[in-house]
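For what it's worth, this note's numbering labels the leading residue of the sequence shown as -3, then goes sequentially.
Scroll down for the structure; my scribbles are underneath it.
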Amino acid sequence: MPSLKTYWLQNECRAVNASVPKLPKAPALDNATCMHASKLHVQRTCGFYLGCLQLRLFPSSTPKERGAGKQNISTHTLPKTMLLTFAFLFTLIGASALPSEGSPALPAGCYKPLPKGQLTGGVSTIHIKSGGKKRTFLLSIPPGYHSDTPAAAVLSYHGGGRCAEDQLKLDQLTNPEFNSAAIVIYPQGIDVRRVISSCCSIRYEGNADKHKETWQGVPGATTDDIRFTSDILDHVQDQYCIDPARISATGKSDGGGFCNLLACDPGLSSRIAAFAPVSGAFYIDSRPCRPKTVKFPCHPSRADVPFLEFHGGKDTVVSYQGGSRKKECLPAIPHFIRQWASLDGLETDNTTTHVSQNTVLYTFGQGSKAGLVEHVYDSAIGHDWPSTVPNIDNKKHGHHVASFNATPMILDFFAKHPLSLGESRERRVEASKTLVSSGAEEEKLYRQRVLKRVMSYI
-3 MPSLKTYWLQ
7 NECRAVNASV
17 PKLPKAPALD
27 NATCMHASKL
37 HVQRTCGFYL
47 GCLQLRLFPS
57 STPKERGAGK
67 QNISTHTLPK
77 TMLLTFAFLF
87 TLIGASALPS
97 EGSPALPAGC
107 YKPLPKGQLT
117 GGVSTIHIKS
127 GGKKRTFLLS
137 IPPGYHSDTP
147 AAAVLSYHGG
157 GRCAEDQLKL
167 DQLTNPEFNS
177 AAIVIYPQGI
187 DVRRVISSCC
197 SIRYEGNADK
207 HKETWQGVPG
217 ATTDDIRFTS
227 DILDHVQDQY
237 CIDPARISAT
247 GKSDGGGFCN
257 LLACDPGLSS
267 RIAAFAPVSG
277 AFYIDSRPCR
287 PKTVKFPCHP
297 SRADVPFLEF
307 HGGKDTVVSY
317 QGGSRKKECL
327 PAIPHFIRQW
337 ASLDGLETDN
347 TTTHVSQNTV
357 LYTFGQGSKA
367 GLVEHVYDSA
377 IGHDWPSTVP
387 NIDNKKHGHH
397 VASFNATPMI
407 LDFFAKHPLS
417 LGESRERRVE
427 ASKTLVSSGA
437 EEEKLYRQRV
447 LKRVMSYI
């Protein structure tokens, strides 16, 4: 068990006592306890997302020293739209007596040592069997991982014709500047018509241009990647301390399209909290192809699936306006996003925020469901993972860097949308109700918050 230090947490909504584990020292901080951490470190490493404006931490347990006039109080301004995560609820519920080793209160993978050869801050190749086939995935263990503290996990799926290593370099989810606390999983796709001798060393059988299907859902692909994903989650949740409420998925192109399949799957939509495809190829078996009206089959196990999609107006691979591709139909992205809003029980009207001259954020939902479905459109970029620095997408001829970074937006979206688990859902809903104003003032404040949040990604 880690050493504990008791803090008095106070904010404009409520005041509570909580025992917070002392965090390891981070290179960028003199003292990486929750009291001295930066706002970002509090949000991502300490693991609480309070539905209030401020969090104040008092390093004391005596009422006198907790007074409002006490000096050296660390105050952190938190986005008002953030809700309580499962991790923070666990801290509150277990404040008086944190679980000891072996306690059933923690996930099955907690308190287990890392497998031989694996280190925090490192990336390992994991081999498993799924559907009778040998499958692999890369696993990145963050520097801040501890076997007694449930961590968030992100599944990230590569694009067609690429591999897990490519996706790791592209999405920057292992970059400590963006993520120092979440485990990242990079599944490796396969196709029965080609042989993969090793990741990124691909020998095609026949015409390479015709054999780039990598994930279930792409026309011609036959591998059961839904089962593969389920098997991955079974494996990692058994071996590592993972918070079951904070498992999310992202992906690029074909991998983004597969994220949509996961979100629509009755089983995995109940295990994966939120989804954020980038330049997603959302193939629909529908002829003739009518991009602005075609409906995609979707049967999630819940009616509140968080969904964020990024797309470029100059995407010539997966057109923003949709159309026929590989003998199937790609929906027009605005129509596709409105379908997701409807699936989640939201109005198809949205809040529009101009991020830059070329970039617009469309946000769906109101009140406690505000931002449940979001879409980022950049008219100036192509089939790229949006980044303000060069990557393997935007370095291609005719492409260029974006005016914003998608990666921190994705992590922020995931952080705001943990999976509802039993009592946790009711508590989060009650907490979110305190954030809702009414009428024009609510909309004005919400627009201001969204704009402030989005501008931080530029």
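Heads up, the beta-carbon is just placed ideally off N, CA and C, and yes, glycines get one too.
Keep in mind it's a predicted model, so treat the numbers as computed, not measured.
By the 10 Å Cβ neighbour count, where 16 or more other Cβ atoms means buried, how is residue i classified, buried or exposed?
| i | result |
| --- | --- |
| Leu115 | exposed |
| Glu343 | exposed |
| Ala427 | Its pLDDT being 36, under 50, Ala427 is placed unreliably by the model, and the measurement read from it follows with that caveat. Counting Cβ neighbours within 10 Å, Ala427 comes out buried, since at least 16 surround it. |
| Asp234 | exposed |
| Lys323 | exposed |
| Thr403 | buried |
| Val232 | buried |
| Lys112 | exposed |
| Gln212 | buried |
| Asp345 | exposed |
| Asp230 | exposed |
| Ser249 | buried |
Please name the residue, chosen from the options, that lies closest to residue i on a Cα-to-Cα basis.
| i | options | result |
| --- | --- | --- |
| Ile406 | His393, His371 and His331 | His371 |
| Pro262 | Gly319, Arg223 and Tyr236 | Arg223 |
| Val351 | Tyr373, Leu134, Val369 and Pro146 | Tyr373 |
| Gln168 | Asp221, Ser399, Gly394 and Pro386 | Pro386 |
| Ile280 | Gly308, Val314, Val301 and Ala366 | Val314 |
| Asp300 | Phe306, Lys130 and His413 | His413 |
| Asp221 | Arg321, Pro109 and Ser126 | Ser126 |
| Phe360 | Pro330, Thr384, Asp230 and Gly156 | Pro330 |
| Lys366 | Thr348, Leu166 and Gln163 | The question names Lys, but residue 366 in the sequence shown is Ala. Of the candidates Thr348, Leu166 and Gln163, the one whose C-alpha sits nearest the C-alpha of Ala366 is Thr348. |
| Leu417 | Ala269, Asp250 and Ser143 | Ala269 |
Since residue i and residue j should fall inside the 8 Å C-beta cutoff, what is the C-beta to C-beta distance between them, to a whole number of angstroms?
| i | j | result |
| --- | --- | --- |
| Arg242 | Ala149 | 7 Å |
| Gln335 | Phe292 | 7 Å |
| Ile238 | Pro103 | 6 Å |
| Ala277 | Leu326 | 7 Å |
| Ser265 | Ala272 | No, Ser265 and Ala272 are not in contact; Cβ-Cβ is about 14 Å, not under 8 Å. |
| Thr225 | Pro183 | 7 Å |
| Tyr153 | Gly247 | 3 Å |
| Ser383 | Ala398 | 6 Å |
| Val369 | Ala337 | 5 Å |
| Tyr236 | Gly105 | 5 Å |
| Thr170 | Val119 | 7 Å |
How is residue i classed by DSSP in three states: helix, strand or coil?
| i | result |
| --- | --- |
| Leu339 | helix |
| Val397 | coil |
| Leu151 | strand |
| Ala259 | helix |
| Pro59 | Residue placement at Pro59 cannot be trusted, given a pLDDT of 37 that sits under 50; the coordinates are not used to answer. |
| Lys108 | coil |
| Gly251 | helix |
| Leu166 | helix |
Of all the beta strand (DSSP E) runs that stay within the bounds of the segment 358 to 420, which reach a length of 3 or more residues?
Within the segment 358 to 420, the complete beta strand (DSSP E) runs of at least 3 residues are 369 to 374.
Entirely within the segment 264 to 348 and at least 3 residues each: give me those beta strand (DSSP E) ranges in chain order.
271 to 274, 303 to 308, 319 to 321 and 324 to 326
Ignoring anything shorter than 4 residues, give me the alpha helix (DSSP H) runs that lie fully in the segment 220 to 244, in order along the chain.
221 to 235
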